[in-house]
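One structure is given here, and the rest of the page talks about it.
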Amino acid sequence: MSQYPALRLRRSRASAWSRRLHAETVLTPADLIWPVFVTEGTEEEPIAALPGVSRWSLSGIVDRAREARDLGIPCLALFPNTPHGLRTEDGREAVNPDNLMCRAIRAIKDAVPEVGVLTDVALDPYTSHGHDGIVDAAGYVLNDETSAVLTEQALVQAQAGADIVAPSDMMDGRVGQIRAALEGDGHVNVQIMAYAAKYASAFYGPFRDAVGSRGLLKGDKKTYQMDPANAEEALREVALDLAEGADSVMVKPGLPYLDIVTRVKSAFEVPVFAYQVSGEYAMIEAAAAVGAGDREALVLETLMAFKRAGCSGVLTYHAPLAARLLGA
Ligand code: PBG
């Protein structure tokens, strides 16, 4: 069959209206989850490694929730910068119903109940060694002991009003235990978004500054987070988390792992989210700062790529900028 010149794919690209008409993927503010950092005190604290991102006080975080609502962003992801004096070997501050995280959840849900609150379930902002769980004498993160604490942590967050609990720790079996605990305590509509395929990545550095754990972290997280070499294993992780009751799954980091997003989406046909992590944000900002690319175009192109790959939504520090550009 002869194609050219009868077929010219450029025809549909020749004008803006036609490009819009032929777009296969749409990106809207409703696709965004905005990760925000909360800290004690009353001051806004800019984070040097994440230009344009700050830690906020409780009242600042409530203002961010109002901003999200006004921009059409459906959900915030909350991360606490726990005061250093409260960080311990066992991270017990994580299960204190009056910790910074729980106070932030309550403040947001009191003031702006229509915005969703997603909470991170992991111990790294609460431990003196910066790991996501309980470590033994050799520094190994203990699976079952950690899962038990995470289950309590998720319950405390749900009791404070969290809408989605998101275990980011990569322990085996924790999703099932968290689901059972939530059901047992009447939180039947609290969702679990499992960080199902979370890789041991070099892209998390600025985040660790933001929650104050970078300097504390002993060693690396390779005995629990996944090896970037693996994709089949990601499918097994997703299958297990879904079987244990996850409502949605996450792939993390984002852009370097879009192949994982697409494989997970086609294998399971469930809601898949991706986290465009702190190092990715910093790369875009650094590129824009030296004139290597246009910030706004880079942000929108990368976010569209997540949607095209199969994501239902994206966690991104660029959420407010993107929502503004998308004309909320
Ligand atoms: C910790 C957690 C991390 C991130 C989200 N939850 C860091 C880590 O695993 O060390 C990273 C997010 C980012 O880099 O933006 N459980």
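Residue numbers for the sequence shown follow UniProt numbering, beginning at 1 and rising by one.
Don't be surprised by glycine CBs; every beta carbon is placed ideally from N, CA and C.
The structure displayed is predicted, hence computed values, not measured ones.
Note: Q191 is bridge-paired with I164 in the DSSP secondary-structure output. Taking C-beta atoms as the reference points, L182 and V149 fail to come closer than 8 Å.
Within the segment 213 to 245, the complete alpha helix (DSSP H) segments of 4 residues or longer fall at 232 to 243, listed in chain order. Relative to T316, the option among D294, G279, A158 whose CA is nearest is G279. R64 and N81 do not touch by the CB rule: their CB atoms are close to 14 Å apart, not below 8 Å. Annotation: the continuous alpha helix (DSSP H) that includes I61 extends over 58 to 71. Under the 8 Å Cβ criterion, the segment 201 to 208 does not count as touching the segment 171 to 178, having fewer than three qualifying pairs. For the pair L235 and V277, the CB atoms are not nearer than the 8 Å cut-off. Shortest gap from the CB of S147 to any heavy atom of the ligand PBG: 7 Å or more. In the DSSP assignment, V264 falls within the unbroken alpha helix (DSSP H) covering 258 to 268.
Exclusion of A48 from the 7 Å shell around the ligand PBG follows from its C-beta lying no nearer than that to any non-hydrogen atom of the ligand. Judged by beta-carbon spacing, Y224 lies beyond the 8 Å limit of V95, meaning their Cβ atoms are not closer than that value.
R20 has its alpha-carbon roughly 39 Å from the corresponding atom of I105. Bounds of the beta strand (DSSP E) holding D120 are 116 to 121. For A111, the enclosing alpha helix (DSSP H) covers residues 100 to 111. Nearest in C-alpha terms to Y126, of all of A111, T146, A107, V112, is T146. By the CB criterion at 8 Å, L27 and C75 fall outside the cutoff. By the Cβ rule, the segment 265 to 272 counts as touching the segment 242 to 251, because three or more pairs are nearer than 8 Å. Here H22 is near S12, since their CB atoms are less than 8 Å apart. Residues of the same chain with a CB within less than 6 Å of the CB of S213, apart from the 5 flanking positions on each side, are D124, G130 in chain order. For G245, the distance from the CB to the nearest heavy atom of the ligand PBG is not below 7 Å. Separation of E44 and A305 (C-alpha to C-alpha, rounded to the nearest whole angstrom) is 32 Å. By the neighbour-count criterion, in which 16 or more other beta carbons inside 10 Å mark a residue as buried, Q191 falls on the buried side.
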